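Visitor: When the sequence shown is numbered by the numbering used here, its final residue is 342 and no position is left out of the sequence of numbers. Even for Gly, the Cβ is constructed at its ideal location relative to N, Cα and C. No experiment lies behind these values; they were computed from the predicted model shown. Handing you this structure, nothing more for now.
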Amino acid sequence: MRHSLFALVLGLLIVGPAKAQELTIGEAINKAGRQRMLTQMMAKNYMLTGSKIRVEAARRELDDAVALFEEQLLELEDYAPTPEIEETLNEVRDLWLPFRVNVISEPNKELAFGLIKESTDLLKKCNEVVVMLEEHSNIDAARLVNVSGRQRMLSQKIALLATAYAWDVPNSSNIYLDLIGARQEFEDAMQELLASDLNTPEISENLKKVESQWDFSRMTFDAKSSKMMPSVIAVTTKSILKKMDNITGMYTQVTNNQRLATINSKQ
């Protein structure tokens with residue numbers, strides 16, 4: 076039976092697709108943030124396929140990531156609460172259409188660096204949507220949904236860059252520097268999340284589990300280390316992704332609770 080990304084990644088989809096009108100602001104930020112992750116996951120699987128690493132699994136995950144990105148983009152387009160957010164989502168779609176064609180094409184090492192750049196451009200535009208939704212929410216906890224959700228993206232960006240470096244993609248020196256930067260961003264964000272006063276005991280416990288796994292595995296994320304193996308990184312980062320997605324769901328609930336409390340206080 077064909078395994079879907081929905082099973083592989085967290086449940087990256089809530090059971091049964093939510094109707095656009097049912098989205099809360101916390102859920103919208105969560106989904107918009109997940110789009111960032113999917114840009115890197117798709118490019119990662121292009122690199123894994125080109126490297127002949129876990130090829131069948133990479134192709135399945137790529138297909139499911141493409142489908143999920145399109146589904147969530149439609150949901151966000153229907154939800155868009157302001158004209159500015161709607162316009163930015165239109166810009167996301169303009170970048171998405173050519174990237175989709177390229178990322179599902181037969182991998183080509185000479186074109187791989189260009190694909191990484193395309194994924195980065197799409198990632199940046201998706202991030203604009205997240206920031207705009209966070210600002211629109213006017214809720215303190217919304218930033219935690221953003222930051223926690225961004226850790227999902229960084230887990231896949233690390234896997235993408237490490238695999239591209241191991242595949243000896245042109246411009247690998249730039250790829251290595253970007254990999255170092257992504258690792259540092261992940262560690263800095265973990266410290267911000269761990270220090271938040273809005274953490275519930277359950278959130279704190281789960282964050283510490285991610286921190287422990289990261290500390291144990293971080294040396295394998297060094298592309299110049301003898302311990303670095305893309306296949307191992309793919310498995311490890313997927314595990315971190317699942318944990319961070321679960322935590323992001325918890326922050327989404329905190330955001331929804333804050334939103335409800337604000338509404339009730341005005342009644």
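1) Go through its chain and collect everything with a Cβ distance to Ser-353's Cβ below 7 Å, but skip five positions before and after it.
2) Check whether the Cβ atoms of Met-117 and Thr-238 lie closer than 8 Å to each other.
3) State the DSSP-derived secondary structure class of Glu-161, mapped to helix, strand or coil.
4) Along the chain, which unbroken stretches of the alpha helix (DSSP H) at least 4 residues long are found entirely within the segment 261–322?
5) Would you kindly report the start and end of the unbroken alpha helix (DSSP H) that includes Asp-153?
6) Counting Cβ pairs closer than 8 Å, one from the segment 207–216 and one from the segment 245–255, do we hit at least three?
7) Spatial neighbours of Arg-218 within its chain, please: CB distance less than 7 Å, with the 5 preceding and 5 following residues excluded, ordered by chain position.
8) For my contact list, Ala-264 and Lys-232 are in at a C-beta cut-off of 8 Å; report their separation, rounded to the angstrom.
9) In chain order, what are the residue ranges of uninterrupted alpha helix (DSSP H) at least 4 long that sit wholly in the segment 164–224?
10) Let's test the definition: count the other Cβ atoms within 10 Å of the Cβ of Lys-199 and tell me whether it reaches 16, buried, or not, exposed.
11) Using DSSP with H/G/I as helix, E/B as strand and the rest coil, what is Leu-98?
12) Please classify Thr-330 as buried or exposed, where buried requires at least 16 neighbouring CB atoms within 10 angstroms.
13) Among residues of its own chain, excluding the 5 on either side of Gly-324, which ones have a beta-carbon nearer than 6 Å to its beta-carbon?
14) Consult DSSP for Ser-126 and reduce its assignment to one of helix, strand or coil.
15) Counting Cβ pairs closer than 8 Å, one from the segment 172–187 and one from the segment 137–148, do we hit at least three?
16) Are the CB atoms of Arg-111 and Val-205 within a distance shorter than 8 Å?
17) To the nearest angstrom, report how far apart Glu-280 and Leu-269 are at their CA atoms.
Guide: Here's the rundown:
1) The structure shown does not extend to residue 353, since the chain is modelled only from 76 to 342, so the question has no answer here.
2) No, the pair does not count as a contact, with Cβ atoms beyond the cut-off.
3) Looking at Glu-161 - three-state DSSP - the assignment turns out to be helix.
4) Runs found: 276–292.
5) For Asp-153, the enclosing alpha helix (DSSP H) starts and ends at 130–154.
6) Per the Cβ contact rule, the segment 207–216 is not in contact with the segment 245–255 (fewer than 3 Cβ pairs under 8 Å).
7) These residues qualify, in order along the chain: Glu-209.
8) About 12 Å; that fails the 8 Å criterion.
9) With a minimum length of 4 residues, the continuous alpha helix (DSSP H) runs that stay inside the segment 164–224 are 184–212.
10) Result: exposed.
11) When secondary structure is reduced to three states using DSSP, Leu-98 falls in the coil class, being assigned neither helix nor strand.
12) Thr-330 should be labelled buried.
13) Same-chain partners within the cutoff: there are none.
14) In this structure, Ser-126 counts as coil in the three-state DSSP scheme.
15) Touching, per the Cβ criterion.
16) Yes, Cβ-Cβ distance for Val-205 and Arg-111 is below 8 Å.
17) Taking the straight line from one Cα to the other gives about 10 Å.
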